[in-house]
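Contents: one structure, followed by commentary.
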Amino acid sequence: MQTKPDFKIEFVILMASLMSIVALSIDALLPALPDIGNHLNVTNPNDNQKLITMIFLGLGFGQLIFGPLSDSFGRKPMVYFGFTVFVIASIVCVTTDSLEVMLIGRVFQGIGLSSPRTIAIAMTRDTYSGDFMAKILSIIVMFFILVPIVAPTFGQLLLDFFDWRAIFNANLLIGLLIVLWFWRRQPETLSKEKRIKFSPSIFITGTVEFFKHRESIALTLVSGFITGSFMVYLSTSQQIFQEQYLLGELFPYIFASTAFSVGFATFTNSRLVIRFGSFNIAYYATIAYAVISLLYVLLFFSGNNPSIHVLVTFFLLQFFAVGFLFGNLRSLAMEPLGHIAGIGAAINGFVSTVMAVPIAIYIGSFVKTSVLPLFIGFSIFGVLSLLVFVWLKRRRGLGKI
Numbered sequence: 077m078q079t080k081p082d083f084k085i086e087f088v089i090l091m092a093s094l095m096s097i098v099a100l101s102i103d104a105l106l107p108a109l110p111d112i113g114n115h116l117n118v119t120n121p122n123d124n125q126k127l128i129t130m131i132f133l134g135l136g137f138g139q140l141i142f143g144p145l146s147d148s149f150g151r152k153p154m155v156y157f158g159f160t161v162f163v164i165a166s167i168v169c170v171t172t173d174s175l176e177v178m179l180i181g182r183v184f185q186g187i188g189l190s191s192p193r194t195i196a197i198a199m200t201r202d203t204y205s206g207d208f209m210a211k212i213l214s215i216i217v218m219f220f221i222l223v224p225i226v227a228p229t230f231g232q233l234l235l236d237f238f239d240w241r242a243i244f245n246a247n248l249l250i251g252l253l254i255v256l257w258f259w260r261r262q263p264e265t266l267s268k269e270k271r272i273k274f275s276p277s278i279f280i281t282g283t284v285e286f287f288k289h290r291e292s293i294a295l296t297l298v299s300g301f302i303t304g305s306f307m308v309y310l311s312t313s314q315q316i317f318q319e320q321y322l323l324g325e326l327f328p329y330i331f332a333s334t335a336f337s338v339g340f341a342t343f344t345n346s347r348l349v350i351r352f353g354s355f356n357i358a359y360y361a362t363i364a365y366a367v368i369s370l371l372y373v374l375l376f377f378s379g380n381n382p383s384i385h386v387l388v389t390f391f392l393l394q395f396f397a398v399g400f401l402f403g404n405l406r407s408l409a410m411e412p413l414g415h416i417a418g419i420g421a422a423i424n425g426f427v428s429t430v431m432a433v434p435i436a437i438y439i440g441s442f443v444k445t446s447v448l449p450l451f452i453g454f455s456i457f458g459v460l461s462l463l464v465f466v467w468l469k470r471r472r473g474l475g476k477i
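Following this note's numbering, the numbering of the sequence shown begins with 77 at its first residue and continues without gaps.
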C-alpha cells in the first residue's frame, strides 16, 4: 500500500476497461433483445429481460470463485482464466437456438466476466486505501460509464449492418484486446509474501472474517438494494422506451443520456470525496434517491405513464444520485478488508448481485403497460437503504466503527 498515494492514469483506464467488458456484454445487447427473442421463439417479452438478469446471476456466483483464488494465486492469472470461460460461453450463446441454453450461456458469461470485474476492485484495494481509494474508484467508474453511454448505439449499429450475433463477436474481440493490454502493461499487485496459502478452508475463513465487519455487511446490503433497482432499469429499459413509449431507434440515445448522468456524478464525486468524505456523500445521495422515488410514486400513483420528458428527468435525477453511491459504497465496504481484498470484493459483489437479481426479476415482471412498478421498486429499496445508513450513522456516533 502506498504511503503517498500516486494517481496513475493508465492503471485507472485499464481497471475501467476490465470492468467495461461486463458493461459491453450487457448494454450493447439491449437493442437486440427483440431480435434474439424472435430467433429463440420467445412469446413473452418479459422473458427477454432474463437475457440481462441471468448474466448478473453469473457475475454474483463467479466472484465467490475468483476472489478467494486471487488471494492465493495472484490477481492476473484469475483474469486470464475468467476470460477463457467468457469466450466459451459466448460461443455457446451465438450457436444455440434454445432460450434455455442461451440463458445458461449468459450465466457462464457472467461467471467468466466476474473475474475481471472483481480483480479490478481487488487490485485497486491492493494499491490504494481510504478516501483516496474512493476517489480512484469514482474515476474508474467514470471511465467505465463511458461504455453504457455508447454501448446501445454500438449494438444498434452492428444490428443495422449485420445481426445480433455480431454483438457477441465484437464483445469477444474488444475483450481480447483489453486482456492483451492487461497482460503487457499491468504488474501483479499482490506480492507472493502477501498471498494466502490455498486450501478449501479459505472460502470459509475468509467469509467468517468478512462477517466480523458489520459496516461492510451493512454497506453490502445497501449495494444490493441500489444495484437491484438499477438492474430493473437495465432489464426493462428497452421494453419501456421501445414498446411502452414507441420510441424505436431513439432508445440508444435516451439510454446514453441516463448513463451520462451517472458518469457526471461519479466525476463530481471524485472531486468532492476527499473534502467531504465518502460516507457523508453516500448518505446524502441515499436521501436524494429515496425522496425522488417517493415523490414520483405520489405523483403517478394512478398508473398512468408520465410524459417521456418527465420520465427521463426522473431517471436523470435518480442516476445522478446513483453515481455518488456506486464507488463510495464499494470503497466503504472494502476499507476494513485490505487483508482479504480478494475474498472481500468477492463476497461484497456476490451478496449485492445475488440480492439484485431476484429484485430485478420480480419488479420487472410487473413492468408491462406502466412504469409505476419501477417507481415503487426504487422507492422501497431507497427507503431500506436510507434506514441502513441511519443505523450506520448512529453506530459511528457511538464510536462503534
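We put the CB at the ideal spot given by N, CA and C, even for glycine.
Can you round the beta-carbon distance between residue i and residue j to whole angstroms, since I take them to be within the 8 Å contact cut?
| i | j | result |
| --- | --- | --- |
| residue 177 | residue 168 | 7 Å |
| residue 100 | residue 250 | 6 Å |
| residue 404 | residue 366 | In fact, because the Cβ distance is near 16 Å, the residues do not count as touching under 8 Å. |
| residue 274 | residue 149 | 7 Å |
| residue 223 | residue 96 | 4 Å |
| residue 334 | residue 395 | 5 Å |
| residue 88 | residue 219 | 7 Å |
| residue 154 | residue 407 | That pair is no contact at about 21 Å. |
| residue 447 | residue 374 | Not confirmed; about 14 Å, so no contact. |
| residue 221 | residue 338 | 5 Å |
| residue 345 | residue 399 | 7 Å |
| residue 314 | residue 327 | 6 Å |
Is the separation between the beta-carbon of residue i and that of residue j shorter than 7 Å?
| i | j | result |
| --- | --- | --- |
| residue 139 | residue 341 | no |
| residue 244 | residue 190 | no |
| residue 464 | residue 294 | yes |
| residue 300 | residue 432 | yes |
| residue 296 | residue 214 | no |
| residue 279 | residue 144 | yes |
| residue 85 | residue 207 | no |
| residue 192 | residue 94 | yes |
| residue 124 | residue 441 | no |
| residue 107 | residue 186 | no |
| residue 242 | residue 233 | no |
| residue 175 | residue 116 | yes |
| residue 384 | residue 321 | yes |
| residue 158 | residue 134 | no |
| residue 331 | residue 228 | yes |
According to the neighbour-count rule (16 or more other Cβ atoms, all chains shown, within 10 Å of its Cβ), is residue i buried or exposed?
| i | result |
| --- | --- |
| residue 129 | buried |
| residue 136 | buried |
| residue 325 | exposed |
| residue 284 | exposed |
| residue 473 | exposed |
| residue 103 | buried |
| residue 270 | exposed |
| residue 461 | buried |
| residue 247 | buried |
| residue 268 | exposed |
| residue 426 | buried |
| residue 114 | exposed |
| residue 166 | buried |
| residue 83 | exposed |
| residue 79 | Summary for residue 79: the model assigns pLDDT 48, below 50, so the residue's position carries little reliability; its value from the coordinates is reported in the next sentence. It is exposed - the Cβ of residue 79 has fewer than 16 other Cβ atoms within 10 Å. |
Looking only at its own chain, which residues have a Cβ that is under 6 Å from the Cβ of residue i, when we skip the five neighbours before and after it?
| i | result |
| --- | --- |
| residue 435 | 304 |
| residue 390 | 372 |
| residue 152 | 264 |
| residue 369 | 454, 455, 458 |
| residue 281 | none |
| residue 401 | 302, 358, 361 |
| residue 449 | 439, 442, 443 |
| residue 379 | 446, 448 |
Going by alpha carbons, who is nearest to residue i out of the options?
| i | options | result |
| --- | --- | --- |
| residue 260 | 186, 156, 135 | 156 |
| residue 212 | 223, 197, 364 | 197 |
| residue 444 | 360, 317, 237 | 317 |
| residue 392 | 179, 225, 407, 181 | 225 |
| residue 263 | 202, 220, 312, 281 | 202 |
| residue 312 | 119, 416, 199, 109 | 109 |
| residue 418 | 183, 182, 200, 379 | 200 |
| residue 255 | 315, 228, 468, 163 | 163 |
| residue 471 | 381, 290, 343, 344 | 290 |
| residue 479 | 90, 126, 353, 237 | Beyond the ends of the chain as shown, which are 77 and 477, falls residue 479; an answer cannot be given. |
| residue 147 | 469, 449, 420, 452 | 420 |
| residue 257 | 319, 90, 83 | 90 |
| residue 298 | 323, 380, 183, 424 | 424 |
Looking only at its own chain, which residues have a Cβ that is under 8 Å from the Cβ of residue i, when we skip the five neighbours before and after it?
| i | result |
| --- | --- |
| residue 457 | 301, 302, 304, 305, 435 |
| residue 239 | 111 |
| residue 397 | 341, 361, 362, 364, 365, 368 |
| residue 77 | Below a pLDDT of 50, predicted positions are generally treated as unreliable, and residue 77, at 43, falls in that range; no measurement from the model is reported. |
| residue 307 | 128, 129, 132, 432, 433, 435, 436 |
| residue 353 | 207 |
| residue 410 | 197, 201, 209, 292, 417, 420, 421, 424 |
Which same chain residues end up closer than 7 Å to residue i when comparing Cβ atoms and leaving out the 5 residues on each side of it in sequence?
| i | result |
| --- | --- |
| residue 459 | 366 |
| residue 287 | 293 |
How about residue i: is its Cβ closer than 6 Å to a heavy atom in the ligand SAH?
| i | result |
| --- | --- |
| residue 431 | With respect to the ligand SAH, the structure shown offers nothing to examine, as it has no ligands at all. |
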